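Numbering (the UniProt record's numbering), first residue to last: 1 to 661.
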């Protein structure tokens, strides 16, 4: 027995040490130790029945159970009353890290960390293991290490055994079994569902502990056959955990800093990174960008593309022989999402799910989490998306997914009218901002091709013209008659940056000559969007940024690996940049304005709190920009040295400045 246990522990470490997240086909998957980041998890006793406190990823836990960082060692730690839970149900949406948590438990036991708590630990993979139709508990134990002859009888005499059921919802059989049929003998062969129910009901090995991971869809039925269980709901990564995960993912600390600041600068993307598989998706894509020696400042795979990559991860193991089924399901799911966005609704009744034909067990749990609603004292099922931004993404997809007449007649009366969405956003519904941004990202040519290739669904390109017409029209209404046409809404630049198509941006900006933003705090991501658009804006003659502040990250980290935005140099040359560039908050702006052929005549930067470090950039702009005739600065801290640097640009032959304020 001692030799078997030693061999089994070694087998467990070999089997579970490699991190199984994402798709490791590109190379050897990393160690669970190198990538594993602790998760934020709520713990509550048996009365909880899981996620009742809002959508996973958006849970408002201020009035619910306290959130804690739970590790493999603390899952079965005694509670405040001193009671050690025998049964723990770990609940989480797809991609929340349930299986990774199981791998961590197995490795820590194999390496000896958990051996004080448990003599033996056996993991039954409900999703991947080929389970027999009939088996005893001893047979299941033998299957956990099938290459050895297991002295199951003596192993099961241990007092401290932990059985893990990973992906319980995948079993799919009824949990209602006659009490008289349940087994008391771990060696008795019974139908598989009877044997498993005997473990759950604790008629066999009543001293054993159970760890069950499941999606929320199985909670209600699971709760009917357990007693005294504790529920632990995975809420994902906290802010600190997100940063830790990025640093664990990237071996190079500089790349980790660069990638994390890119993600943090994008509010939508950073919020979605609360979902562990989304953090993995973002890190994987940014790693590919850096490996190609591209810069992150022009990373076109911003929010929409990364969300689509997350979606393809969820669907990668599905059979794609029948794309019509998936297309129809997605269209109904998107219709539900859009209906909810219009009605400010994040939870949906079970009847709504059935009426739309979404009650498909192989698809529904991938996208919606099951909740238990307590309204009116009744325990009723309700469903919600894993994150509000994912609901907004699917709402945007509703307006662009191709359909047929049969499907259209079954969408619950919701119109696929892009113009109505855009007009509502312009007039009063500013909460539709994220949905509109996703809309621009989805109709880019790269997105249309990506969705067709990876998911097997078709996006109609017709909305492109409507989006272009709307962008041009909204700013014409703002400009006064007889004045130059100007753009004064920051979101326009984000929409164009999300689509990331130069020709579309050129068409959208072509009839405008002025950029006018006032009293805004411009984040790094705002500056990236502005920079992209300015480069495509042939007729830009006047830039006014009165009272705007330029958010500056740590020196250099916001730049690309090649040392300057848009350059194609070699990684690592970032250290060769002049210190003035590294510390200049308007570096991105000036670099974009220096593009060849720029028609810029007026640059207004009053009350922008510009310091001496900006003057070298401004001097270079003056020297290289023959059309620039008017520069307005004010309320800055330029200092004598800053003014001297500015004068160097004024003396250069290329300077044609007429007015300095």
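C-beta: ideal position from N, C-alpha, C; glycine also.
Quick caveat: nothing in here was measured; it's all calculated off a predicted structure.
A check of alpha carbon separations from residue 251 across 283, 238, 272 identifies 283 as the nearest. In the DSSP annotation of this structure, residue 523 is not part of any alpha helix (DSSP H), being labelled neither H nor E. The Cβ atoms of residue 342 and residue 286 do not sit closer than 9 angstroms to each other. CA-to-CA, the gap between residue 340 and residue 206 works out to about 46 angstroms. Between the beta-carbon of residue 434 and that of residue 389 there is about 6 angstroms, and that keeps the pair under the 8 angstroms contact cut. For residue 415, DSSP assigns no beta-bridge partner whatsoever.
The shortest CA-to-CA distance from residue 645 to any of 617, 661, 631 is the one to 617. The beta carbon of residue 8 is closer than 6 angstroms to those of 145 in its chain, skipping five residues each way along the sequence. One alpha carbon belongs to residue 96, the other to residue 275, and they sit about 6 angstroms apart. In the three-state scheme derived from DSSP, where H, G and I count as helix and E and B as strand, residue 624 is classed as helix. Of 451, 41, 139, 462, the smallest CA-CA separation from residue 235 is found for 41.
Fully contained in the stretch 214 to 294 are the following alpha helix (DSSP H) runs of length 4 or more, in chain order: 219 to 223, 239 to 249, 253 to 265, 267 to 272, 276 to 291. The Cβ atoms of residue 530 and residue 622 lie no closer than 9 angstroms to each other. The same chain holds no residue with a CB closer than 6 angstroms to that of residue 305 once the five nearest residues on each side in sequence are set aside. Scanning 426, 333, 338, 345 for the CA closest to the CA of residue 353 turns up 333. Counting every other CB atom within 10 Å of its CB across the protein chains shown gives residue 112 a total below 16, marking it as exposed.
Counting only the Cα atoms, residue 166 lies some 6 angstroms from residue 124. Between the stretch 98 to 111 and the stretch 178 to 197 there are fewer than three C-beta pairs closer than 8 angstroms, too few to call the two in contact. Taking C-beta atoms as the reference points, residue 74 and residue 140 fail to come closer than 9 angstroms. For the pair residue 527 and residue 550, the CB atoms are nearer than the 9 angstroms cut-off.
Here the stretch 215 to 232 lies against the stretch 161 to 178, with 3 or more beta-carbon pairs under 8 angstroms apart.
Assigned with DSSP and collapsed to three states, residue 180 falls in helix. DSSP places residue 338 in the uninterrupted alpha helix (DSSP H) bounded by 323 to 342. Of the candidates 99, 126, 84, 160, the residue whose Cα lies closest to the Cα of residue 119 is 160.
The stretch 323 to 330 and the stretch 450 to 458 touch, with no fewer than 3 CB-CB distances between them shorter than 8 angstroms.
In the DSSP assignment, residue 516 falls within the unbroken beta strand (DSSP E) covering 514 to 516.
Residue nearest to residue 475 within the set 426, 651, 439, 430 is 426 (criterion: CA-CA distance). Cα atoms of residue 470 and residue 229: separation of roughly 55 angstroms, rounded to the nearest angstrom.
Beta-bridge partners of residue 166 (DSSP): 125, 213. Only residues of its own chain outside the window of five on either side were considered, and among them 484, 513, 514, 599, 600, 601, 602 have a CB closer than 8 angstroms to the CB of residue 541, listed in chain order. By the CB criterion at 9 angstroms, residue 209 and residue 86 fall inside the cutoff.
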